[in-house]
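The block underneath contains the structure these notes are about, expressed in structure tokens.
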Amino acid sequence: MRRLTLVVAIDAQRGIGIGNKLPWHLPEDLAHFKRVTLGQPIVMGRKTFDSIGRPLPGRRNVVVTRNADWRHAGVETAHSLESALALLGDSDASIIGGGQIFAESMHLAQRMIVTEIAHSFDCDAFFPPIDPGVWRETARETHHSDANGYDYAFVTYERMESGA
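Start counting the sequence shown at 1; every next residue gets the next number (the UniProt record's numbering).
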């Protein structure tokens with residue numbers, strides 16, 4: 001059975017970006033993101049892909065877009081989240097953004113790996129609320145960034161079994 005994981009960095013207000021860019025510079029989070037996604041398929045929206053600017057190496061890149069003419073070398077295109085997941089079959093996969101794709105996939109995911117940054121930024125894209133009745137924190141690793149002084153944590157959430 002496929003395991004779907006949402007991988008995201010959020011600020012104190014669940015912000016994930018502004019103007020199609022990350023509002024923070026956190027090298028430790030980029031290294032963490034690479035560690036948790038390397039070797040796995042990743043699914044993202046077209047705006048997220050545009051913000052990255054290239055396929056991420058060592059991962060199968062699937063981009064969801066409504067534009068039937070959109071293509072990019074090294075990327076598979078799907079026109080809905082459902083068709084993106086169908087392309088992957090039973091493979092485990094990571095959903096990496098943006099806001100609309102996270103909202104559409106949250107009810108399908110079994111796990112979330114969230115970098116929680118203890119600072120608020122000016123954002124125009126947000127991660128959906130994490131419902132404590134659905135999600136249980138299973139791991140937390142706290143850190144302090146020497147690069148910019150932010151406190152942050154790598155937090156893993158697992159979907160609770162229904163009725164738990």
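Glycine residues also receive a C-beta, built at the ideal position from the N, C-alpha and C atoms. For clarity, every value in this text was computed on a predicted model and none was experimentally measured.
Own chain partners of residue i with C-beta closer than 8 angstroms, once the 5 adjacent residues on each side are dropped
i           : result
residue 101 : 43, 44, 45, 48, 64, 81, 95
residue 2   : 85, 88, 89, 90, 91, 92, 93
residue 39  : 58, 59
residue 170 : Only positions 1 to 164 of the chain appear in this structure, which leaves residue 170 out of reach.
residue 148 : 24, 25, 26
Backbone secondary structure at residue i - three-state DSSP
i          : result
residue 73 : coil
residue 99 : helix
Cβ-based burial, residue i [other Cβ within 10 Å; buried from 16]
i           : result
residue 29  : buried
residue 20  : exposed
residue 129 : exposed
residue 139 : exposed
residue 125 : buried
residue 133 : exposed
residue 109 : buried
residue 74  : exposed
Nonlocal neighbours in the same chain, by C-beta distance under 7 angstroms from residue i, ignoring five residues either side
i           : result
residue 66  : 79
residue 119 : 11, 12, 150
residue 114 : 8, 10, 155, 157
residue 116 : 10, 152, 153, 155
residue 56  : 42
residue 32  : 115, 154
Nearest-angstrom Cβ-Cβ length linking residue i and residue j, presumed shorter than 8 angstroms
i           : j           : result
residue 152 : residue 26  : 7 angstroms
residue 141 : residue 154 : 4 angstroms
residue 5   : residue 112 : 7 angstroms
Closer than 6 angstroms: residue i CB and nearest the ligand FMN heavy atom
i          : result
residue 52 : This structure lacks the ligand FMN, and indeed carries no ligand of any kind.
Other residues of its chain near residue i: CB distance less than 6 angstroms, five sequence neighbours each side excluded
i           : result
residue 127 : 8, 10, 14, 16, 102
3 or more residues per run - each beta strand (DSSP E) lying fully within the UniProt domain "DHFR" (3 to 159): The qualifying runs are 4 to 10, 15 to 17, 42 to 45, 61 to 64, 76 to 78, 93 to 95, 111 to 117, 135 to 144, 151 to 159.
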